[in-house]
Amino acid sequence: MGGDAALVEQADMVGDWGSGSGARLHVAADHSATVSGLDPATLPSGCPTVATDAAWKLERSKTARKDTFSLQLSPQASTSCYVDATVKRDDDGLNLCLVTDPDQSCVEEKELLRKLP
Numbered sequence: 002m003g004g005d006a007a008l009v010e011q012a013d014m015v016g017d018w019g020s021g022s023g024a025r026l027h028v029a030a031d032h033s034a035t036v037s038g039l040d041p042a043t044l045p046s047g048c049p050t051v052a053t054d055a056a057w058k059l060e061r062s063k064t065a066r067k068d069t070f071s072l073q074l075s076p077q078a079s080t081s082c083y084v085d086a087t088v089k090r091d092d093d094g095l096n097l098c099l100v101t102d103p104d105q106s107c108v109e110e111k112e113l114l115r116k117l118p
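Residue numbers (the numbering used here): 2 to 118.
Set out below in structure tokens:
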């Protein structure tokens with residue numbers, strides 16, 4: 002689920018994203034972000050499910066035709082929490098697949114964030 006890996010521009014990531022279970026992600030053009038309601042199962046152990054001071058970056062793979070959206074949930078903390086999401090595109094548009102194993106598929110209600118209108 003989630004579609005095929007996508008190549009995007011940073012401007013494509015800016016805006017509001019959400020999941021069917023209520024997770025929300027706001028991505029700003031200045032590379033700041035806010036998140037709420039992330040499923041703890043999609044995060045490294047000890048990472049917060051809510052963050053008002055997150056930061057993001059977009060990385061393009063040199064070997065595979067895909068982009069990875071990297072979210073740093075607690076940039077001011079002594080131990081930072083990073084979450085990587087594969088940027089994908091399906092019939093409904095762009096989405097972020099929040100899974101710890103890139104070979105794992107997304108569950109629509111849990112790990113899949115879609116750009117909100």
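A virtual CB, placed ideally from N, CA and C, is assigned to each residue, including glycine.
Of the residues the options, which one's Cα is nearest the Cα of residue i?
i	options	result
Ala34	Leu44, Gly21, Leu26	Leu26
Glu10	Leu95, Leu99, Cys48, Leu39	Leu95
Pro49	Val84, Asp91, Asp5	Val84
Ser69	Ala52, Asp17, Cys98	The sequence shown places Thr at residue 69, rather than the Ser named in the question. Among Ala52, Asp17, Cys98, the Cα nearest to that of Thr69 is on Cys98.
Helix, strand or coil for residue i, going by three-state DSSP, please let me know.
i	result
Asp68	strand
Ala7	coil
Asp54	strand
Ala12	helix
At the level of alpha carbons, what is the spacing between residue i and residue j?
i	j	result
Pro45	Ala56	16 Å
Gly4	Leu74	25 Å
Gly19	Ser37	10 Å
Ala65	Gly23	31 Å
Gly21	Lys58	24 Å
Ala62	Met14	Checking the sequence, you will find Ser at residue 62 rather than Ala. One C-alpha to the other measures close to 17 Å.
Leu8	Lys67	5 Å
Asp92	Ala42	26 Å
How would you call residue i, buried or exposed, if buried means at least 16 neighbouring beta carbons within 10 angstroms?
i	result
Lys89	buried
Leu113	buried
Could you give the C-beta distance for residue i and residue j, rounded to a whole number, given that I count them as a contact under 8 Å?
i	j	result
Thr87	Ala12	Contact flag wrong, Cβ pair sits at about 19 Å.
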